[in-house]
Amino acid sequence: MKFPFPALALVAACLPEGHLYRTDGFRIDRDSGDDTPSDDTGENAGVLSIWQGERVFAYDYGGYGCVWGTDTVTEEGTRLTRSDPEFDRIQGRCPKCQALYKITVSPDQVCGWIAVSTCAFRGLVFGEDSVAVWRLDIKGDLLDPKATWDGHHATYRYEDSAWFGDNEVPLDICGSVTVLDRDAR
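Start counting the sequence shown at 29; every next residue gets the next number (my numbering).
The structure is reproduced here in structure tokens:
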């Protein structure tokens, strides 16, 4: 399937050998098992707290597809903290997630007919050179287990579907997100 959007390229950053980094910037040992989410307070408050991204939708169904310019949604949001009312509910959908985000999506429709929720939740689980991206809206859905990650930017891809009448239409979705520190905005 060909996509009407440019390929995204990233250069992966190398992390020091033998350590993982939590989303709040703390270094942890591989064997420590400490992967609990930060409460976003103290000296690391605001680290990786701003979500700015987009998703491009594509499909090929009976010779039809998205028209260029109607296929992209933008996403902006902030990292949830333990003091947010929805934190526990969203964390329960992905206990392994090290960072949780509430995002606003625009527009509410792509490709002229596919409805898109304007409020969404995402979770991230960090590895050494990749990140797992989770959708946490109704339940915990792993979108991409090994998205490219350079410390602030991820590119991920997943499949979904939409219904057109009685027909299920497969969708291919490519996402790109930059997660910034609050002070870097």
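Ideal placement from N, C-alpha and C gives every residue a C-beta, glycine not left out. Every value quoted in this text rests on a predicted model; they were computed, and no experiment measured them.
Check, Outcome
"Once DSSP output is grouped into helix, strand and coil, what is the label at Arg-110?", "coil"
"Please return the same chain residues whose Cβ sits closer than 7 Å to the Cβ of Thr-102, not counting the five positions on each side in sequence.", "Glu-82, Ser-134"
"Are at least three pairs of beta-carbons, each pair with one atom in the region 189 to 197 and one in the region 146 to 157, less than 8 Å apart?", "no"
"In whole angstroms, what is the alpha-carbon distance linking Ala-149 and Lys-124?", "First, the amino acid is wrong: residue 149 is Phe here, not Ala. Spanning the two alpha carbons is a distance of roughly 15 Å."
"Just the C-alpha distance for Leu-152 and Ala-127, rounded to the nearest angstrom, thanks.", "5 Å"
"Which same chain residues end up closer than 6 Å to Thr-100 when comparing Cβ atoms and leaving out the 5 residues on each side of it in sequence?", "Glu-82, Val-84"
"Mark Thr-146 as exposed unless 16 or more other C-beta atoms lie within 10 angstroms of its C-beta, in which case mark it buried.", "exposed"
"If you run the structure through DSSP and keep just helix, strand and coil, what is Ile-118?", "helix"
"From which residue to which residue does the beta strand (DSSP E) around Gly-151 run?", "147 to 154"
"For the region 104 to 114 and the region 129 to 144, state whether three or more C-beta atom pairs, one from each stretch, are separated by less than 8 Å.", "yes"
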